[in-house]
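Asks: A single structure is presented below for examination.
Listed below in structure tokens is the structure:
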């Protein structure tokens, strides 16, 4: 297909498609003349993935590139790839794990989360996120006691298990795409459902 | 206490304290001379609440004012106040519920969430949030089937019940503060724990 059709089918502006090609995120088309190039279904699928990561999931260009790098270099087991992809997801520069930094709140919390949570690897990006989140809770004077953390840990582990069970088997690229998009895109779904639950409990009481 | 002590104890800059007074969010001190005013513990507590809502929880000034309005006008039952407070929390202008708008994805999803979720009131702000979140999931080609939504609905209702049970009884103001800060500040905690769960499952497999 020509680039005009690619643009239409992926619902991404022409200038943005050209930008992704210049940035090396999307491979260029196959040149058929001095001014024309041909694109195929693989280009369309790739463009849809980039669109999902950036426009739909709202990841920065840098984060999206890291995820594409994991998808493009399927090294190790599917689960090692997953770990690298979820690390690349962390939502801001402050979420990058600094090996010199300590995470006292997250470390203390981990023991409360239940036996399914491993305490041996603190280099996970989610660990730095948990530290910031618990700091905000503490600054507002809200509780983050063992009972509450254990409650959260048990229910979220059950949710995560079911999510991982639904991952496409066999194709590592598809599995990583599923995991990365799922981690990001279901977060707002979970937040909205929790608020609905609060409102329902408020109305019923 | 003088304003300098208020500033120090609440850890909010002087200019910001003056701004909150001008905006009517914080009552002025009791004038003790032409140039001096006296502040008390109630001022400090109010200032800490404003700080939690704006600086810690990251709410806009407009949203924070709506919450303060609920806290300042404890009308109806605690649960009616909670409903109003959670409505005021919605994270962006697009989350405001438009009575003319339809929420087809959220409406369809609600039936999957389980019997504890009421389908009669669609004017909740969380309803518009759920619609946007499900639209993003759909655009990325990810599943949002009945089994997944029911899984989320059941676990989040269990979490929400325990959270509401922990609410301070007796004092409506304290209850609303707890609910509003809790709804907002535990969301990042829940998101970080879910990511840790995914990473643990990836490592263990």
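Residue numbers (the numbering used here), protein chains in the order written: chain H, 1 to 205; chain D, 1 to 205. No residue lacks a Cβ here, since even glycine has one placed at the ideal position from N, Cα and C.
Against chain H, with Cβ distances strictly below 8 Å, would residue 20 of chain D count as a contact?
Replies: Within the second chain, residue 20 of chain D is the residue found at index 20, counting from 1. No, no contact with chain H.
Asks: Mind checking whether residue 24 of chain D and residue 43 of chain D have CB atoms under 8 Å apart?
Replies: Counted from its first residue, the second chain places residue 24 of chain D at position 24. Counted from its first residue, the second chain places residue 43 of chain D at position 43. No. Outside cutoff.
Asks: For a contact meaning CB atoms closer than 7 Å, what does residue 183 of chain D contact in chain H?
Replies: As a working mapping, residue 183 of chain D is identified with position 183 in the second chain. By Cβ distance, chain H contributes 195, 198.
Asks: Express the C-alpha separation of residue 142 of chain H and residue 136 of chain H in angstroms, rounding to a whole number.
Replies: Position 136 of the first chain, counted from the start, is the residue given in the question as residue 136 of chain H. Position 142 of the first chain, counted from the start, is the residue given in the question as residue 142 of chain H. C-alpha separation (whole angstroms): 9 Å.
Asks: State the CB to CB distance for the pair residue 193 of chain H and residue 113 of chain D, rounded to an integer number of angstroms; the pair is presumed to be in contact (CB under 8 Å).
Replies: Walking along the first chain from the start, residue 193 of chain H turns up at place 193. Walking along the second chain from the start, residue 113 of chain D turns up at place 113. Residue 193 of chain H to residue 113 of chain D, Cβ: 7 Å. Contact.
Asks: From the DSSP secondary-structure annotation, give me the bridge partner or partners of residue 30 of chain H.
Replies: Here residue 30 of chain H is taken as the residue at index 30 of the first chain, counted from 1. DSSP lists H:38 as partners of residue 30 of chain H.
Asks: Between the beta-carbon of residue 197 of chain D and the beta-carbon of residue 85 of chain D, is there less than 8 Å?
Replies: For the purposes of this step, residue 197 of chain D is taken as residue 197 along the second chain, with counting starting at 1. For the purposes of this step, residue 85 of chain D is taken as residue 85 along the second chain, with counting starting at 1. Against a cut-off of 8 Å, the Cβ pair of residue 85 of chain D and residue 197 of chain D comes out as no contact.
Asks: Look up residue 103 of chain H in the DSSP assignment and say whether it is helix, strand or coil.
Replies: Counting from one through the first chain, the residue named residue 103 of chain H turns up at place 103. Here residue 103 of chain H sits in coil by DSSP.
Asks: Short of 7 Å in beta carbon distance, which residues of its chain neighbour residue 10 of chain H, apart from the five on each side in sequence? Order them along the chain.
Replies: Within the first chain, numbered from 1, the residue matching residue 10 of chain H stands at position 10. The residues are 44, 47, 48, 51.
Asks: Counting only Cβ pairs nearer than 9 Å, list the residues of chain H close to residue 186 of chain D.
Replies: Position 186 of the second chain holds residue 186 of chain D. Within chain H, the residues near residue 186 of chain D are 133, 137, 142, 144, 148, 152, 194.
Asks: Mind checking which residues open and close the alpha helix (DSSP H) that includes residue 70 of chain H?
Replies: The residue you call residue 70 of chain H lines up with position 70 of the first chain. Its alpha helix (DSSP H) spans residues 61 to 72.
Asks: Which residues bound the alpha helix (DSSP H) around residue 83 of chain H?
Replies: Within the first chain, numbered from 1, the residue matching residue 83 of chain H stands at position 83. Element bounds for residue 83 of chain H: 78 to 89.
Asks: Which residues mark the beginning and the end of the alpha helix (DSSP H) in which residue 54 of chain H is found?
Replies: Residue mapping note: residue 54 of chain H aligns to position 54 of the first chain, counting from 1. Taken as a continuous stretch (DSSP letters only), residue 54 of chain H belongs to no alpha helix (DSSP H), as it is neither H nor E.
Asks: Taking the beta carbon of residue 8 of chain H as the centre, do at least 16 other beta carbons fall within 10 Å, making it buried, or is it exposed?
Replies: For the purposes of this step, residue 8 of chain H is taken as the residue at position 8 of the first chain. By the 10 Å Cβ count, residue 8 of chain H comes out exposed.
Asks: Examine chain D for any beta-carbon lying closer than 8 Å to the beta-carbon of residue 155 of chain H, and answer yes or no.
Replies: In the first chain, counting from the first residue as 1, residue 155 of chain H sits at position 155. Closer than 8 Å: yes.
Asks: Provide the residue span of the alpha helix (DSSP H) that contains residue 153 of chain H, from first to last.
Replies: Along the first chain, read from residue 1 onward, the residue named residue 153 of chain H stands at position 153. Residue 153 of chain H -> alpha helix (DSSP H) spans 146 to 165.
Asks: Which bits of chain D does residue 60 of chain H rub up against, with CB to CB less than 8 Å?
Replies: As a position in the first chain, residue 60 of chain H is number 60, starting the count at 1. By Cβ distance, chain D contributes nothing, its closest Cβ being about 16 Å from residue 60 of chain H, past 8 Å.
Asks: Just curious, the alpha helix (DSSP H) that residue 20 of chain D is in, first and last residue?
Replies: To locate residue 20 of chain D, count along the second chain from 1; it is residue 20. Where residue 20 of chain D is concerned, the enclosing alpha helix (DSSP H) stretches over 14 to 22.
Asks: Name, please, each residue of chain D whose Cβ falls closer than 7 Å to the Cβ of residue 159 of chain H.
Replies: Working through the first chain from its first residue, we reach residue 159 of chain H at position 159. What residue 159 of chain H touches in chain D: 151, 152, 155, 194.
Asks: Within 8 Å (strictly less), CB to CB, does residue 76 of chain D reach chain H?
Replies: Indexing the second chain from 1 puts residue 76 of chain D at position 76. No, residue 76 of chain D lies away from the interface with chain H (no Cβ there is under 8 Å from its Cβ).
Asks: Take the Cβ of residue 2 of chain H as the centre, count every other Cβ of all protein chains shown within 10 Å, and call the residue buried at 16 or more, exposed below.
Replies: The count along the first chain starts at 1 and reaches residue 2 of chain H at position 2. So residue 2 of chain H counts as exposed.
Asks: Closest Cβ-Cβ distance between residue 16 of chain D and chain H: below 8 Å?
Replies: For the purposes of this step, residue 16 of chain D is taken as residue 16 along the second chain, with counting starting at 1. Not an interface residue.
Asks: Determine whether the Cβ of residue 171 of chain D lies closer than 8 Å to any Cβ atom of chain H.
Replies: On the second chain, position 171 is the one that residue 171 of chain D refers to. No, because no Cβ of chain H sits closer than 8 Å to the Cβ of residue 171 of chain D.
Asks: So, does the CB of residue 162 of chain H fall closer than 8 Å to a CB anywhere in chain D?
Replies: Taking the first chain and counting its residues from 1, the one referred to as residue 162 of chain H is at position 162. Yes, because at least one Cβ of chain D sits closer than 8 Å to the Cβ of residue 162 of chain H.
Asks: Between the alpha carbons of residue 146 of chain D and residue 201 of chain H, how many angstroms are there, rounded?
Replies: For the purposes of this step, residue 146 of chain D is taken as the residue at position 146 of the second chain. For the purposes of this step, residue 201 of chain H is taken as the residue at position 201 of the first chain. Between residue 146 of chain D and residue 201 of chain H, the C-alpha separation is close to 22 Å.
Asks: According to the Cβ coordinates, are residue 156 of chain H and residue 57 of chain H closer than 8 Å?
Replies: Taking the first chain and counting its residues from 1, one reaches residue 156 of chain H at position 156. Taking the first chain and counting its residues from 1, one reaches residue 57 of chain H at position 57. Not a contact, by the Cβ cut-off of 8 Å.
Asks: Report the option in D:18, D:17, D:38, D:80 whose CA atom is closest to the CA atom of residue 207 of chain D.
Replies: Absent from the structure is residue 207 of chain D, since the part of chain D shown begins at 1 and ends at 205.
Asks: Whose Cβ in chain H lies nearer than 8 Å to the Cβ of residue 130 of chain D?
Replies: Working through the second chain from its first residue, we reach residue 130 of chain D at position 130. What residue 130 of chain D touches in chain H: 189, 192, 193, 196.
Asks: What residues from chain D crowd round residue 56 of chain H, counting only those whose CB sits closer than 7 Å?
Replies: Here residue 56 of chain H refers to the residue found at position 56 when the first chain is read from its first residue. Going along chain D in sequence order, the residues near residue 56 of chain H (Cβ under 7 Å) are 136, 139, 140.
Asks: Applying a beta-carbon distance threshold of less than 9 Å, which residues of chain D neighbour residue 52 of chain H?
Replies: Here residue 52 of chain H refers to the residue found at position 52 of the first chain. What residue 52 of chain H touches in chain D: 136, 139, 140, 141, 142.
Asks: Which residue wins for smallest C-alpha separation from residue 138 of chain D, given the options D:127, D:168, D:106, D:75?
Replies: As a working mapping, residue 138 of chain D is identified with position 138 in the second chain. Comparing Cα positions, the closest option is D:106.
Asks: Decide if residue 188 of chain D is buried, meaning its Cβ has at least 16 other Cβ atoms within 10 Å, or exposed.
Replies: The count along the second chain starts at 1 and reaches residue 188 of chain D at position 188. Classification for residue 188 of chain D: buried.
Asks: In the DSSP assignment, find the unbroken alpha helix (DSSP H) run with residue 138 of chain H in it and report its ends.
Replies: Here residue 138 of chain H refers to the residue found at position 138 of the first chain. Run containing residue 138 of chain H: 125 to 139, per the alpha helix (DSSP H) assignment.
Asks: How far does the alpha helix (DSSP H) with residue 223 of chain D in it extend, from its first residue to its last?
Replies: It is not possible to answer for residue 223 of chain D, since the shown part of chain D is limited to 1 through 205.
Asks: Quick one: using the 10 Å Cβ neighbour count with 16 as the cut-off for buried, is residue 53 of chain D buried or exposed?
Replies: Numbered from its first residue, the second chain carries residue 53 of chain D at position 53. Classification for residue 53 of chain D: buried.
Asks: Sorted by chain position, which residues of the same chain lie with C-beta nearer than 7 Å to residue 181 of chain D's C-beta, five sequence neighbours on each side aside?
Replies: By 1-based counting over the second chain, the position of residue 181 of chain D is 181. 52, 57.
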